[in-house]
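Here's the structure we're looking at; comments come further down.
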DNA sequence: TTTTAATTGATATTGAGTATCAATAAGGAA
DNA sequence: TTCCTTATTGATACTCAATATCAATTAAAA
């Protein structure tokens, strides 16, 4: 803590669990460290494969706790298991590369403004929303330009 | 066809299948009729239960064909099986009541405009998007006002 | 320490959805 | 109409994700 730490959003998942009154165990430490280290979005099964020393049930339970704590976002993937990504930005939306599956985050004030304007048109009370943008990420665009059809 | 039929969007699911070169069978007729009659969004398993005379595999296959044909929308539901609803509006988004699960459709030009403005901010090519609005529908609001906590 | 309750993880189970494949039905040709 | 080819069906077995069970273990408060 050399400088004021209020700026940086702490991505300390194990703390998020402790804050909920959960115990600090080696299994939970292994799961949260792995998630923090990877950085990318992941599926529950991927995590299980990467952490064979942690029981499958525990991996799933820990993920659920992190989602409940708001520390992980659960993204619904059509035709596939949901993916999880660390919530870095307070309220945000996701970009998902339809080629490689890379997940990004963004927030855009206009989106929120649109939501408010929609309230008039919609039959009922708005209680939330979800939005995903499907992209071809720059990496995939570059790969495509190089390799093209004959890999 | 008393008047010009161009106005009304035909919701003829069996025709959508025929247009794709698929045969008109009694099983497909049963599935599509049921979907049209219900009107509401549904899950694959619900349809299977309502149509015990049609094999489970056939129900799933028919749904898939209808989605491929663009006649059904497949909505990802977190913590649950995807729901399907008949696509009545060309490009649109969905409202989902978080109490009763009722699904509605809407389109809003501002949403599309926002999408275009996002292109500058996003790192890659936008190839699509999805948006769901979670609501408490008027029906549920009314039920709540009446019954309240002591059903 | 000791104690108590939370946690773990091997295993069984559930549920959604798909693959298989012999029997059947659709629909064009003769 | 009848025949023939091919699509379709549906019972069954299977895969995969995820949860329930529960005895053994471990965290952390006393």
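Residue numbers (the working numbering), protein chains in the order written: chain A, 1 to 151; chain B, 1 to 151.
Cβ coordinates follow ideal geometry from the N, Cα and C atoms, glycine included.
Tell me the DSSP bridge mates of residue 104/A?
95/A
Nearest CA to the CA of residue 28/B: which residue from 104/B, 41/B, 128/B and 56/B?
Residue 56/B is the option with its Cα nearest to residue 28/B.
Using a Cβ-Cβ distance cut-off of 8 Å, determine whether residue 36/A contacts chain B.
no
Using a Cβ-Cβ cut-off of 8 Å, state whether residue 125/B counts as contacting chain A.
yes
Could you tell me which of 93/A, 94/A and 84/A sits nearest to residue 64/A, measuring between CA atoms?
The residue with the shortest Cα to Cα distance from residue 64/A is 84/A.
Pick out whichever of 126/B, 40/B, 73/B and 100/B has its Cα sitting closest to the Cα of residue 87/B.
Nearest Cα to residue 87/B within the set 126/B, 40/B, 73/B and 100/B: 73/B.
Straight-line CA distance for residue 111/B to residue 131/B?
9 Å
When every heavy atom of the ligand ADP is checked, does at least one fall within less than 7 Å of the C-beta of residue 28/A?
Absence of the ligand ADP from the depicted structure is noted, as is the absence of any ligand whatsoever, leaving it without description.
Along chain A, in chain order, which residues have C-beta atoms closer than 9 Å to that of residue 134/B?
Those are 126, 127, 128, 129 and 130, listed as they occur along chain A.
Check each residue of the segment 76-109 of chain B: if its Cβ is closer than 8 Å to any Cβ of chain A, include it; give the result in chain order.
The segment 76-109 of chain B vs chain A, Cβ under 8 Å: 76, 77, 78, 82, 95, 97, 98, 104, 106 and 108.
Return the chain-ordered list of same chain residues with a C-beta closer than 7 Å to the C-beta of residue 162/B, the five sequence neighbours on each side being excluded.
Residue coverage of chain B in this structure runs from 1 to 151, which leaves residue 162/B outside it and unanswerable.
Where do the ends of the beta strand (DSSP E) carrying residue 77/A lie?
Residue 77/A -> no beta strand (DSSP E), and no H or E assigned at all.
So with CB distances below 9 Å, who are the chain A contacts of residue 47/B?
The contacting residues do not exist; residue 47/B stays about 18 Å from chain A at best.
Strictly below 9 Å CB to CB, what residues from chain A border residue 73/B?
Simply none; closest approach about 11 Å.
Taking Cβ positions, are residue 126/B and residue 95/B nearer each other than 8 Å?
The answer is no: Cβ separation not under 8 Å.
Express the C-alpha separation of residue 34/B and residue 151/B in angstroms, rounding to a whole number.
Note that residue 151/B scores 35 on pLDDT, short of 50, meaning its location in the model is unreliable and no value can be drawn from it.
Quick one: what does DSSP say residue 9/B is sitting in, helix, strand or coil?
With a pLDDT of only 46 at residue 9/B, under 50, the local geometry of the prediction cannot be trusted, and no value is derived from it.
For residue 136/B, does the three-state DSSP call read helix, strand or coil?
strand
Would you please verify whether the beta carbon of residue 141/B is less than 8 Å from any beta carbon of chain A?
Chain A contact via Cβ: present.
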